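Peer 1:
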Amino acid sequence: MSTKYMYSLIAVIVLVLLAYVGVEAAGLQIFFGVVIPYLAIITFVGGFIYRVMEWSRSPVPFRIPTTCGQQKSLPWIKHDKVDNPFTAVGVVIRMFLEILFFRSLFRNTKCELSEGGKISYRWEKWLWLFSLAFHWSFLVVLIRHLRFFLEPVPASLQFLEKIDGFVQVGLPGLFLSGAVLLVAAVFLFLRRVYIPQVRYISLAADFFPLFLIISVALSGILMRYFAKVDIVGAKELTMGLATFHPTIPEGIGGIFYVHVFLVSVLLAYFPFSKLMHLGGVFLSPTRNLPNNTRAYRHINPWNPPVKVHTYQEYEDDFRERMIEAGLPVEKEL
Amino acid sequence: MNDKNKIVAGLIIFAAIATFPFWYNMGKAVPVPEPKLSEKAKAAKVCVEPKEFMKSEHMQVLDVWRDVVVRNADRVYLSSSGKEYNMSLSSGEESCMGCHSDKVEFCDKCHNYASVDPYCWDCHIAPKEKK
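Order-wise, the sequence lines are chains A and B. All you need for this note's numbering is the position in the first sequence, starting with 1, plus 6. All you need for this note's numbering is the position in the second sequence, starting with 1, plus 785.
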């Protein structure tokens with residue numbers, strides 16, 4: 007039992023109860039269905055932009071890209087154009103692979119001391135696999151939810167739903183992305199509990215978003231497959247939000263408000279947390295800069311202005327006297 | 786030197802994506818669909834189960850019916866009200882579509898709104914639309 011995740015777990019349970027009791031007992035549908043979601047989206051977009059603008063004030067540092075391949079060098083040495091990019095194109099390809107396929111996680115290894123005191127690095131792909139599954143399924147779930155915010159629903163969205171539900175298990179049909187999201191998020195949680203080194207460095211702020219996302223996924227799955235809520239009413243509410251005509255339809259279950267509240271908390275919490283890696287990944291200096299320091303001079307952006315006096319200027323000042331004294335000059339009189 | 790221009794461009798893209806539903810629906814009032822009951826359904830007043838139950842569970846009911854009919858050849862459904870019904874989606878008067886005869890006005894109204902695309906009509910022959 008670690009207090010670090012107990013705090014986070016208790017926080018999420020309190021949030022769930024808050025929304026459920028608030029709606030079912032206190033009748034605060036407008037607060038949890040309209041006010042909170044609007045505040046959350048404002049906090050999310052505004053906070054996100056604010057955070058990134060703060061970062062953007064930092065000068066571009068001297069290039070220290072992490073290199074995983076041969077730097078551009080002599081013509082007969084084979085240059086690795088993506089893993090040690092020299093041009094912007096190489097950087098774009100590297101960033102693209104990093105952001106969409108988490109290439110640096112793919113290189114993850116496990117370091118172990120064997121009994122003979124030998125150190126060994128072992129293949130470790132589980133983190134890569136599950137974080138990829140987690141992020142992609144989360145993206146699909148997010149895009150799928152646009153059906154509640156768009157009317158008419160675009161055909162591309164229906165196409166995505168078709169693919170996501172292609173197993174046609176049960177009715178309403180099982181969406182694979184929801185199940186994968188839940189399983190992957192649980193894996194990411196268990197990883198932090200079971201691996202001692204990772205548990206040691208895990209903080210409450212690492213567990214909180216995981217619990218939040220797990221409970222968002224659980225409440226969503228519960229709503230869709232088990233304690234069914236009135237989906238037309240749910241869309242009426244969300245469309246009201248999206249068209250700025252907020253309404254509270256009758257008879258949507260409390261669990262819907264729990265789901266909306268948890269998502270709102272996630273959105274509002276986003277700019278203040280480690281979740282900002284969504285924006286930060288684009289700004290990682292060790293990834294997004296070409297390794298061209300041998301070819302281009304980096305001028306330190308915070309160098310103070312220095313008044314310089316060049317040799318040419320010096321010679322201009324003293325040319326006559328230098329010639330008189332018999333010193334060599336670059337430019338004769 | 787800093788990359789403010791590039792970052793601002795990225796943030797504009799982010800803001801556009803994050804607020805997509807707002808400008809997609811800009812200036813649209815979206816009416817909430819109201820499924821229309823046929824005359825026959827109105828006259829019957831009750832479905833096989835209470836309305837609220839049917840509203841949330843009809844897909845489950847149909848799923849179970851399909852399995853029971855196909856696997857056990859059993860077409861009798863005992864409702865919670867004690868009445869017996871013929872289990873069938875679309876054949877004859879004693880079926881779902883026998884009463885809810887207008888698919889467009891009844892089924893599709895909500896299904897389209899919620900972007901639900903059931904695969905009933907992959908196998909069953911959809912009732913002809915009255916033009």
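Ideal placement from N, C-alpha and C gives every residue a C-beta, glycine not left out. Keep in mind the model is a prediction, meaning the values are calculated, not measured.
Could you tell me whether any Cβ in chain A is nearer than 8 Å to the Cβ of ASP887 of chain B?
Peer 2: For this step, residue 887 of chain B is matched to residue 102 along the second sequence. Chain A, which has no Cβ nearer than 8 Å to the Cβ of ASP887 of chain B, makes this no.
Peer 1: With 8 Å set as the bound, which would you pick, yes or no: does the beta-carbon of PHE195 of chain A sit closer than that to a beta-carbon of chain B?
Peer 2: What you label residue 195 of chain A is simply residue 189 of the first sequence in a count that begins at 1. By this cut-off, PHE195 of chain A is not an interface position.
Peer 1: Under the three-state reduction of DSSP, which class applies to LEU21 of chain A: helix, strand or coil?
Peer 2: Numbered from its first residue, the first sequence carries residue 21 of chain A at position 15. For LEU21 of chain A, the secondary structure class from DSSP, reduced to helix, strand or coil, is helix.
Peer 1: For the beta strand (DSSP E) containing TYR809 of chain B, name the first residue and the last one.
Peer 2: Along the second sequence, read from residue 1 onward, the residue named residue 809 of chain B stands at position 24. For TYR809 of chain B, there is no enclosing beta strand (DSSP E); the residue is found in the alpha helix (DSSP H) stretching over 805-809.
Peer 1: Spatial neighbours of GLU167 of chain A within its chain, please: C-beta separation below 7 Å, excluding the five flanking residues on both sides.
Peer 2: In the first sequence, residue 167 of chain A corresponds to position 161, counting from 1. These residues qualify, in order along the chain: ARG150.
Peer 1: Check whether the region 44-54 of chain A and the region 288-305 of chain A are in contact - that is, three or more C-beta pairs closer than 8 Å.
Peer 2: no
Peer 1: Please list the partners that ARG153 of chain A has in chain B, where partner means a Cβ-to-Cβ separation under 8 Å.
Peer 2: Your numbering for residue 153 of chain A matches position 147 in the first sequence. The contacting residues are ALA899, SER900.
Peer 1: Quick one: grab the DSSP three-state call for LEU281 of chain A.
Peer 2: Locating residue 281 of chain A in the first sequence gives position 275, counting from the first residue. Of the three classes helix, strand and coil, the one that applies to LEU281 of chain A here is helix, per DSSP.
Peer 1: Mind checking if LYS241 of chain A is an interface residue toward chain B, Cβ cutoff 8 Å exclusive?
Peer 2: Along the first sequence, read from residue 1 onward, the residue named residue 241 of chain A stands at position 235. So, interface residue.
Peer 1: In or out: GLY257 of chain A buried (at least 16 other Cβ within 10 Å) or exposed?
Peer 2: For the purposes of this step, residue 257 of chain A is taken as residue 251 along the first sequence, with counting starting at 1. Exposed, because fewer than 16 other Cβ atoms sit within 10 Å of the Cβ of GLY257 of chain A.
Peer 1: Using alpha carbons as the reference points, say which of A:VAL88, A:ILE105, A:MET245 lies closest to PRO806 of chain B.
Peer 2: Start at 1 with the first residue of the second sequence, and residue 806 of chain B comes out as number 21. For PRO806 of chain B, the nearest C-alpha among the options comes from A:MET245.
Peer 1: From ALA826 of chain B to LYS913 of chain B, what distance separates their C-alpha atoms?
Peer 2: Counting from one through the second sequence, the residue named residue 826 of chain B turns up at place 41. Counting from one through the second sequence, the residue named residue 913 of chain B turns up at place 128. Rounded to the nearest angstrom, the two C-alpha atoms are 18 Å apart.
Peer 1: Whose Cβ in chain A lies nearer than 9 Å to the Cβ of GLU842 of chain B?
Peer 2: Here residue 842 of chain B corresponds to residue number 57 of the second sequence, with the count starting at 1. The contacting residues are LYS234.
Peer 1: Would you call the region 219-236 of chain A and the region 831-846 of chain B in contact, with 3 or more CB pairs under 8 Å?
Peer 2: yes
Peer 1: In angstroms, rounded to a whole number, what distance separates the CA positions of LYS836 of chain B and PHE165 of chain A?
Peer 2: Taking the first residue of the second sequence as position 1, residue 836 of chain B is located at position 51. Taking the first residue of the first sequence as position 1, residue 165 of chain A is located at position 159. Taking the straight line joining both Cα atoms gives about 31 Å.
Peer 1: Using C-beta distances below 7 Å, list every residue in its chain close to ALA240 of chain A, excluding the 5 sequence neighbours before and after it, in chain order.
Peer 2: The count along the first sequence starts at 1 and reaches residue 240 of chain A at position 234. Once the five neighbours on either side are set aside, the close Cβ partners of ALA240 of chain A are PHE154, ILE258, PHE262.
Peer 1: Given that PRO178 of chain A touches chain C, what residues does it touch there, using C-beta distances under 8 Å?
Peer 2: The structure shown contains no chain C; its protein chains are A and B.
Peer 1: What are the start and end residues of the beta strand (DSSP E) that includes LEU863 of chain B?
Peer 2: Here residue 863 of chain B corresponds to residue number 78 of the second sequence, with the count starting at 1. Counting along the chain, the beta strand (DSSP E) containing LEU863 of chain B begins and ends at 861-863.
Peer 1: Within the same chain, show all residues whose beta-carbon is closer than 8 Å to that of ARG198 of chain A, passing over the 5 residues directly before and after it, in chain order.
Peer 2: Reading the first sequence from its first residue, position 192 is the one you call residue 198 of chain A. TYR11, VAL204, ARG205, SER208, ASP212, PHE213, LEU216.
Peer 1: At a Cβ cut of 8 Å, what residues of the region 163-175 of chain A count as close to chain B, listed as they run along the chain?
Peer 2: LEU163, GLN164, GLU167, LYS168, GLN174
Peer 1: Counting pairs of beta carbons, one from the region 77-86 of chain A and one from the region 57-69 of chain A, are three or more of them closer than 8 Å?
Peer 2: no
Peer 1: By DSSP, does LEU145 of chain A sit in helix, in strand, or in coil?
Peer 2: Reading the first sequence from its first residue, position 139 is the one you call residue 145 of chain A. In the three-state reduction of the DSSP assignment, LEU145 of chain A falls in the helix class, which pools H, G and I.
Peer 1: Where do the ends of the alpha helix (DSSP H) carrying ARG113 of chain A lie?
Peer 2: Looking up residue 113 of chain A in the first sequence gives position 107. Per DSSP, ARG113 of chain A belongs to no alpha helix (DSSP H) and is neither H nor E.
Peer 1: Starting from the C-beta of VAL853 of chain B, find all residues in its chain whose C-beta is less than 7 Å away, skip the five residues before and the five after it, and write them out in chain order.
Peer 2: Stepping through the second sequence from its first residue, residue 853 of chain B is reached at position 68. Excluding positions up to five away in sequence, the list reads ASP859, MET872.
Peer 1: Starting from the beta carbon of CYS895 of chain B, find every residue of chain A whose beta carbon is closer than 7 Å, and list them in chain order.
Peer 2: For the purposes of this step, residue 895 of chain B is taken as residue 110 along the second sequence, with counting starting at 1. Below the 7 Å Cβ cutoff, chain A contributes VAL238 as neighbours of CYS895 of chain B, in chain order.
Peer 1: Below 8 Å on the Cβ atoms is my contact criterion, and I expect PHE108 of chain A with VAL266 of chain A to pass it. Report the Cβ-Cβ distance as a whole number of Å.
Peer 2: Here the question's residue 108 of chain A lines up with position 102 in the first sequence. Here the question's residue 266 of chain A lines up with position 260 in the first sequence. Actually they do not touch by this definition, with Cβ atoms about 30 Å apart.
Peer 1: Which one or two residues does DSSP pair with ILE2 of chain A in a beta bridge?
Peer 2: This structure does not reach residue 2 of chain A, given that chain A is present from 7 up to 339, and the question cannot be answered.
Peer 1: Taking the straight line between their C-alpha atoms, what separation do you get for ARG325 of chain A and LYS313 of chain A?
Peer 2: The residue given as residue 325 of chain A occupies position 319 in the first sequence. The residue given as residue 313 of chain A occupies position 307 in the first sequence. Taking the straight line joining both Cα atoms gives about 21 Å.
Peer 1: Just checking my contact of LEU180 of chain A with VAL173 of chain A at CB under 8 Å: how many whole Å lie between their CB atoms?
Peer 2: If you number the first sequence from 1, residue 180 of chain A lands on position 174. If you number the first sequence from 1, residue 173 of chain A lands on position 167. So it is a contact: roughly 6 Å between Cβ atoms.
Peer 1: ALA814 of chain B: buried (16+ other C-beta within 10 angstroms of its C-beta) or exposed?
Peer 2: For the purposes of this step, residue 814 of chain B is taken as the residue at position 29 of the second sequence. So ALA814 of chain B counts as exposed.
Peer 1: Buried or exposed: where does PRO277 of chain A fall if 16 or more other Cβ atoms within 10 Å of its Cβ makes it buried?
Peer 2: Here residue 277 of chain A is taken as the residue at index 271 of the first sequence, counted from 1. With at least 16 other beta carbons inside 10 angstroms of its own, PRO277 of chain A counts as buried.
Peer 1: The alpha helix (DSSP H) with ASN857 of chain B in it runs from where to where?
Peer 2: The residue you call residue 857 of chain B lines up with position 72 of the second sequence. Unbroken alpha helix (DSSP H) run through ASN857 of chain B: 836-857.
Peer 1: Beta strand (DSSP E) containing TYR870 of chain B: first to last residue?
Peer 2: Within the second sequence, numbered from 1, the residue matching residue 870 of chain B stands at position 85. Here the beta strand (DSSP E) through TYR870 of chain B covers 869-871.
Peer 1: Suppose contacts are defined by Cβ-Cβ distances below 8 Å. Is LEU847 of chain B in contact with LEU874 of chain B by that definition?
Peer 2: Working through the second sequence from its first residue, we reach residue 847 of chain B at position 62. Working through the second sequence from its first residue, we reach residue 874 of chain B at position 89. Taking 8 Å as the Cβ cut-off, LEU847 of chain B and LEU874 of chain B qualify as a contacting pair.
Peer 1: In whole angstroms, what is the alpha-carbon distance linking ARG327 of chain A and HIS315 of chain A?
Peer 2: Residue numbering aside, residue 327 of chain A sits at position 321 when the first sequence is read from its first letter. Residue numbering aside, residue 315 of chain A sits at position 309 when the first sequence is read from its first letter. Between ARG327 of chain A and HIS315 of chain A, the C-alpha separation is close to 18 Å.
Peer 1: Quick one: which chain A residues come within Cβ less than 7 Å of PHE807 of chain B?
Peer 2: If you number the second sequence from 1, residue 807 of chain B lands on position 22. Under the 7 Å cutoff, chain A gives ALA248.
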